[in-house]
Structure formats: structure tokens, C-alpha cells
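In this note's numbering, the protein residues as written are 56 to 369. Here is the structure we will look at, set down as C-alpha cells.
Here's what the structure looks like:
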């Protein structure tokens with residue numbers, strides 16, 4: 056997808072920058088949203104571009120129709136997107152460090168397949184972090200660029216969800232290859248369906264895309280319950296070790312999603328958490344926590360299977 060686009064007004068007209076300032080060079084930097092010296096201004100909710108007005112409880116700190124260069128510079132400004140950008144930049148650093156540690160420094164004799172699974176998981180997590188940071192950096196460029204990077208952001212989330220499923224199913228059904236193949240296939244098909252909804256010609260609504268993501272996440276209950284039964288129930292040592300980890304993952308994700316959809320706490324604190332503490336920032340932090348938590352769960356999977364093989368399945 057081409058993410059190049061010129062800034063346009065709400066009616067899809069020509070660039071707002073062209074008539075806003077006497078200096079074309081200054082106007083090219085931040086359109087009409089500059090002071091008399093060409094310095095960028097932050098906007099209120101009502102002043103922000105219409106496509107950025109999706110959370111009426113965040114009243115200030117918006118950027119609008121910045122040039123690509125100014126979007127990059129705005130990473131170092133204090134806006135209502137600063138924490139969103141940097142939380143996932145630091146998240147990317149975390150998962151990059153874990154990749155190097157797990158694959159190069161971790162002292163266990165894992166197989167090549169195990170290393171590929173763990174490495175693939177962490178690469179997907181890194182992609183999620185990078186694409187999220189890019190989305191929040193360039194969302195103020197134009198509506199076209201916003202839509203483009205939103206698609207990339209959702210793709211990154213999908214990659215993480217796919218990696219979580221694939222790694223969990225691979226190790227959970229290690230000793231039951233038929234079921235392993237079945238669940239890996241179904242998860243792959245759901246991933247393909249979720250991605251197809253982002254093809255413009257499909258015309259899927261935002262609610263349809265959200266429903267698909269929620270349904271995909273909820274589907275994880277099916278292989279989890281089946282795995283518990285196949286392993287012989289709650290008395291199995293592996294189930295006792297790992298089922299609480301799976302439930303913990305769902306708990307973290309559930310809290311994150313609840314905060315995201317309810318827009319808490321800004322719903323109760325209008326304007327007080329515009330820059331620090333609003334729901335999307337909490338969503339970001341909980342996403343990093345959930346992915347880190349699942350990484351640690353995956354390492355426990357690997358270590359358990361290396362130590363016990365299939366002999367403990369009963």
C-alpha cells in the first residue's frame with residue numbers, strides 16, 4: 056500500500072497549507088497549524104483534523120497535517136501521542152534484546168525448530184511495536200496516510216496474535232501432531248480472513264474488523280480447553296504449570312481491551328489525562344506486558360518439553 060499523500064481538508068479539497076500562510080516554505084512544514092513564525096501549534100479536539108476526532112474525551116494536544124519531516128520531529132514533542140509512540144519504541148527495544156538473548160546467549164540446547172519458533176515469535180512482536188510507533192508518528196500527516204498506517208498497525212497486531220497462537224499450539228500439541236496440524240491450519244485460515252477484511256475492495260466496516268479480531272482472540276479458548284482434556288485434565292503437571300499462564304494472558308488482554316473500548320479514565324477526567332494517562336497509553340503498556348508475559352510462557356513451554364518430552368502426558 057502506498058502511504059504517500061498530500062494533506063487535504065475535510066471535504067477532500069487541495070492542501071490546507073496553500074492558503075494558510077504567506078510563506079510557502081513554512082506552510083509546507085505544518086500547513087495552517089503554525090504560528091506567525093512557522094512553528095507548529097498543538098490543537099484542541101475541535102481544531103484537530105476530522106479524521107483524528109475519534110476520542111471526544113481527549114481535548115488537547117493534537118497535531119494536524121504535518122509534513123513527513125515534521126511528523127518525525129514531532130516524535131520529540133510533548134503531545135497526546137508522545138507516550139503512544141515511545142511506549143512501543145521501548146517495546147521494540149525490549150523484544151530486540153530478548154531476541155538476541157534467547158537466540159545467542161541463552162544457555163539451553165534447544166533444537167533449530169525451537170529457536171525458529173521463539174525467534175519468529177519475537178520478530179512478530181518487534182514488527183507489532185515498530186508498525187504501531189509508525190502509525191502514531193504519521194497519523195497526523197493526512198487522512199490517506201492515516202488510513203494506510205492504521206492498516207499496517209492492525210497488521211502488526213495480527214502478526215502478534217498469529218505468533219502467540221502458533222507458538223502456543225505448537226508446544227501444547229507437541230505430542231499430538233494431528234491436532235497440532237488442525238489448530239495451526241484453522242488459526243492460519245482465520246488470520247487470512249482477518250487480513251482480507253483490510254483489502255479496500257472488500258469494504259468491511261470498522262465494526263466488522265473489530266469483531267473479527269475479538270472473535271479470533273476468543274477462539275483461543277477452544278484449543279486451550281481441548282488441550283486440557285487431551286493432557287488428562289487439571290492433575291497433569293504441564294497443565295498445572297501452563298494453564299494459569301494462559302489464563303493470565305487472557306486476563307491482561309481482557310483488561311487492556313476493556314480500557315480501550317470504554318476510554319477509561321479520560322471518560323471521567325475530561326482533559327486531565329490528555330498527555331499522560333489516557334486509555335490508549337494504558338492499552339499500549341498492557342500490550343507490551345502481555346507480549347512479554349507470553350514470551351516468558353513460551354520459554355517455559357520449551358524448557359518443559361526439553362526436560363520431559365512426551366512421557367509426562369499420561
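Idealized CB from N, CA, C, for every residue including glycine.
### Straight-line Cα distance separating residue 280 from residue 301
11 Å
### Task
Kindly say whether residue 103, judged by its beta-carbon, lies nearer than 8 Å to any beta-carbon of chain C.
Looking at the structure shown, chain C is missing, and only one protein chain is on hand.
### Query
From the DSSP output, which residues share a beta bridge with residue 117?
98
### Task
Tell me, please, whether the segment 205–221 touches the segment 267–281 by the rule of three or more beta-carbon pairs shorter than 8 Å.
yes
### Message
Determine whether the beta carbon atoms of residue 357 and residue 149 lie at a separation below 8 Å.
### Response
no
### Query
Thinking C-beta only, is residue 254 closer than 8 Å to residue 58?
no
### Task
Would you kindly work out how many angstroms separate the C-alpha atoms of residue 308 and residue 116, rounded to a whole number?
27 Å
### Proximity below 8 Å, CB of residue 204 to CB of residue 190
yes
### Query
Would the beta-carbon of residue 179 be found less than 7 Å away from any heavy atom of the ligand GDP?
This structure simply doesn't include the ligand GDP, nor any ligand for that matter.
### Query
Excluding the five sequence neighbours on either side, which residues of its own chain have a C-beta within less than 8 Å of the C-beta of residue 372, listed in chain order?
The structure shown has nothing for residue 372, since the chain only spans 56 to 369.
#### Entry: Same chain, Cβ closer than 7 Å to residue 224, neighbours up to 5 away in sequence not counted
235, 238, 239, 242, 278
### Query
In three-state terms, what does DSSP make of residue 269?
helix
### Task
In angstroms with no decimal places, state the Cα-to-Cα distance between residue 285 and residue 252.
34 Å
### Task
Give the DSSP-derived three-state secondary structure of residue 157 in the structure shown.
helix
### Message
Between which residues of its own chain and residue 283 is the CB-CB distance below 6 Å, once the five residues before and five after are set aside?
### Response
294
### Query
Using the rule of at least 16 other Cβ atoms within 10 Å of the residue's Cβ for burial, across every protein chain shown, is residue 139 buried or exposed?
buried
#### Entry: With 16 other Cβ atoms within 10 Å as the buried cut-off, status of residue 181
buried
### Sequence-distant residues of the same chain with beta carbon closer than 7 Å to residue 103, five excluded per side
117, 119
### Query
Near residue 248, which residues of its chain fall below 8 Å by C-beta distance, leaving aside the five closest residues on each side in sequence?
267
### Task
Would you please state the rounded distance, in angstroms, between the beta carbons of residue 325 and residue 114? I believe it to be under 8 Å.
6 Å
### Query
Hey, out of 141, 232, 227, whose CA is closest to residue 187's CA?
141
### Query
From 168, 177, 136, 144, pick the residue whose C-alpha is nearest to that of residue 156; which is it?
177
### Query
Buried or exposed: residue 317, going by 16 or more other Cβ atoms within 10 Å of its Cβ?
exposed
### Query
Mind checking residue 95: buried by the 16 CB within 10 Å criterion, or exposed?
buried
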